[in-house]
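*Asks:* For reference, the structure I am asking about is given below.
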Amino acid sequence: MIATLLIIALYLFALAFFAFVLLIYPIAFYTLFIFLILYLVAYGISSYLKYRSQQKALRKAVQDYVAKKRAEISTYSQGSHS
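In this text, residue positions in the sequence shown follow numbering that gives the first Met the number 0: the first is 0, and each later residue adds one.
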């Protein structure tokens with residue numbers, strides 16, 4: 000939550016700086032525009048990698064849970080037959 004707010008604050012600061020520089024020195028527009036695009040691409044890639052790692056962890060947790068339950072069921076069924 001705090002990290003998200005910091006990212007939003009940084010993004011808003013970058014936009015304000017971008018607008019300020021654009022008013023004073025319009026030629027810098029292209030440079031800042033390129034950096035803004037690079038920032039958005041990097042943010043998108045990091046978000047995707049974070050999402051993918053969360054999905055992997057969730058999938059692993061579900062597989063472990065299912066394996067544990069299968070082992071319990073197997074133990075119970077073997078105990079009831081003997």
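Every residue, glycine too, gets a C-beta built ideally from N, C-alpha and C.
Cα separation between residue 72 and residue 60?
*Replies:* Walking along the sequence shown from the start, residue 72 turns up at place 73. Walking along the sequence shown from the start, residue 60 turns up at place 61. Between residue 72 and residue 60, the C-alpha separation is close to 18 Å.
*Asks:* Whole angstroms are fine: how far does the CA of residue 43 sit from the CA of residue 6?
*Replies:* Taking the sequence shown and counting its residues from 1, the one referred to as residue 6 is at position 7. Taking the sequence shown and counting its residues from 1, the one referred to as residue 43 is at position 44. Taking the straight line joining both Cα atoms gives about 12 Å.
*Asks:* Quick one: Cα of residue 51 to Cα of residue 68, how far?
*Replies:* In the sequence shown, counting from the first residue as 1, residue 51 sits at position 52. In the sequence shown, counting from the first residue as 1, residue 68 sits at position 69. So the alpha carbons of these two residues sit roughly 26 Å apart.
*Asks:* Just tell me which of 48, 2, 36 has its CA closest to the CA of residue 14.
*Replies:* Stepping through the sequence shown from its first residue, residue 14 is reached at position 15. Out of 48, 2, 36, 36 has the C-alpha closest to the C-alpha of residue 14.
*Asks:* I need the DSSP call for residue 64, collapsed to helix, strand or coil.
*Replies:* Start at 1 with the first residue of the sequence shown, and residue 64 comes out as number 65. Of the three classes helix, strand and coil, the one that applies to residue 64 here is helix, per DSSP.
*Asks:* Quick test of your reading: residue 31 and residue 40, contact by CB under 8 Å. State the CB separation rounded to the nearest angstrom.
*Replies:* The residue given as residue 31 occupies position 32 in the sequence shown. The residue given as residue 40 occupies position 41 in the sequence shown. The pair is not a contact, with the Cβ atoms about 15 Å apart (cut-off 8 Å).
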